[in-house]
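Undergrad: Residue numbering for the sequence shown is 38 to 442, as defined by the numbering used here. Structure in structure tokens, see below.
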Amino acid sequence: MNIAAMNLPRPRLPLAPVLSRDSLRAGSVARPPSVLDAGQVRLVTSGRIAIALALERMGVGAGDEVLLPAYHSPSMVPPVLWRQATPRFYRLRADTSVDLDDITRRATPATRVLVVTHYFGFPQAMAALRAWCDARGIFLLEDCAHAFFGAVDGRPLGTWGDYAIASSMKFFPVHEGGCLVSARHRLDGVTLRGAGPGFEAKALLAVLETSFRHGRLALLGRLLRPVLRLRDLAWGALKRRRAAAPQAQAQALAPASSDSGFEFEPRWLDKRSAWFSRLLVRSLPRAAIGARRRRHYQALEQMVRGLPGCRPLYPTLPEGVYPWQFPLLCDDPEALFMRLQQAGVPLVRFAWQRWPAMDAGTCEASSMLARSVLALPCHQELRADELEWIGVQLRQALSMGAEAS
Ligand SMILES: *Cc1c(COP(=O)(O)O)cnc(C)c1O
């Protein structure tokens, strides 16, 4: 969504993690399980590219059907179409759990894959879903886009599926990145190559710039200002040259991903994630990331307690859950969304846009969730004053609502 075009203020704090000195601070708690430890791993440029590669590994092709949740990111669908397979959407319950009766009704002899998403980092009941797939000879693709860390029933997320995918940008201060993981199959056939020096430079500078913009790494920001200026000049020259040569197709220096849209670009299928992204994903302290996300989630939970017109989507934060965002179920989501956006509070409305060809009546619960859930940031890089500020904005926005009614 183009915020500037809507005349809204710039978000006052980062929606997703940004690099700071705190990013490097290790925690004293135990490292949470991560999809990176779930099996063989390939670091690609986005979660959707990882989905496409997983489908390819599973031999999905024309005539096959793939079961996808009705509550989804539209970026999950183009990889299925790229394989020339047919997406079939299944129902969830209002608590975001998979409706087993519904997938049983929808499975046909052509069904090859069940895609299961751990929404906001809260795991699905994987033992039952694994058994369901095994009984039918259907592949399980575990979508850990919201769950880079965690375990359920004593087993790490990412180990339940035949393949698992994750989206690095949702958990790390990186410009691009996705993971393809398998605990059950070899990934030797997935060979990747670098996307070139322009991409590598962009992946590095974009992270630093985002960080400076949010007032992090300020000293480094001052030192690097001339470098960024040079980069802008070079970039401007490159653009002019491209404009002068219309036959040269302008190609973006980075793949489409969560913050740029829902497109799927097959030319990124064989590209490795940038060096800087891989460095951060591999080496930032996972224990601290996990612990801070849980602490921030709990702080938001405290702030929301007792407020009128909204409640957490999940009643508790169980052990072993490392949330992506804090999903808030709202009675009047439209008004609250407008007010919070006006105040500069960054929000995610997951599945606000869904695959247009899906029958809107497929799943009441999914439609309700897409409409009523506003997800607040709880990532590791929020500062105490920023969390407090979110609480103040939320109370104000809700009291405006109470006055208006
Ligand atoms: C973001 C997301 C993806 C895709 O990840 P990208 O890195 O944006 O390609 C897949 N599934 C879900 C549930 C997501 O939210």
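Here a beta-carbon is modelled for each residue, glycine too, at the ideal position from N, C-alpha and C.
Answer yes or no: the CB of residue 308 versus the heavy atoms of ligand 1, is any distance below 7 Å?
TA: Checking every heavy atom of ligand 1 against the Cβ of residue 308, none is found closer than 7 Å.
Undergrad: Using a Cβ-Cβ cut-off of 8 Å (strictly less than) and excluding sequence neighbours within five positions of residue 227, which residues of its own chain qualify?
TA: For residue 227, where only same-chain residues beyond five positions count, the Cβ hits under 8 Å are 79, 90, 94 and 217.
Undergrad: Indicate the three-state DSSP secondary structure (helix, strand or coil) for residue 436 in the structure shown.
TA: Residue 436 falls in the helix class under three-state DSSP.
Undergrad: Kindly indicate which residue of 365, 356 and 351 has the alpha-carbon position closest to the one of residue 344.
TA: The option with the nearest alpha carbon to residue 344 is 365.
Undergrad: Quick one: Cα of residue 116 to Cα of residue 379, how far?
TA: In a straight line, the C-alpha of residue 116 is about 35 Å away from that of residue 379.
Undergrad: Please report the straight-line C-alpha distance between residue 40 and residue 221, rounded to a whole angstrom.
TA: Unreliable placement is indicated for residue 40, whose pLDDT of 47 sits below 50; the coordinate value is still reported in the next sentence. Roughly 42 Å separates the two Cα atoms.
Undergrad: Leaving aside the five residues before and after residue 212 along the sequence, list all residues of the same chain whose C-beta is less than 6 Å from its C-beta, in chain order.
TA: Result list for residue 212: 240, 243 and 244, in chain order.
Undergrad: Would you tell me roughly how many angstroms separate the C-alpha atoms of residue 236 and residue 427, rounded to the nearest one?
TA: Straight-line Cα distance between these residues: approximately 35 Å.
Undergrad: Inspect the beta-carbon positions of residue 129 and residue 138 and report whether they are closer than 8 Å.
TA: The answer is no: Cβ separation not under 8 Å.
Undergrad: Can we say the stretch 404 to 411 touches the stretch 369 to 387, given the rule of at least three CB pairs closer than 8 Å?
TA: In short, these stretches touch, since the Cβ pair count reaches three.
Undergrad: For the beta strand (DSSP E) containing residue 219, name the first residue and the last one.
TA: Per DSSP, residue 219 belongs to the beta strand (DSSP E) from 215 to 219.
Undergrad: If I'm right that residue 430 touches residue 382 with Cβ under 8 Å, what's the distance once you round it to whole angstroms?
TA: Contact holds; Cβ gap of about 5 Å.
Undergrad: To the nearest angstrom, how far is it from the Cα of residue 51 to the Cα of residue 172?
TA: Rounded to the nearest angstrom, the two C-alpha atoms are 44 Å apart.
Undergrad: Indicate, with yes or no, if ligand 1 has a heavy atom lying under 7 Å from the CB of residue 204.
TA: For ligand 1, at least one heavy atom lies less than 7 Å from the Cβ of residue 204.
Undergrad: Just to confirm, is the Cβ distance from residue 489 to residue 101 under 8 Å?
TA: Nothing in the structure corresponds to residue 489, since the chain is present only between 38 and 442.
Undergrad: Any heavy atom of ligand 1 closer than 7 Å to the CB of residue 113?
TA: Yes.
Undergrad: For residue 390, does the three-state DSSP call read helix, strand or coil?
TA: Coil at residue 390, not helix or strand.
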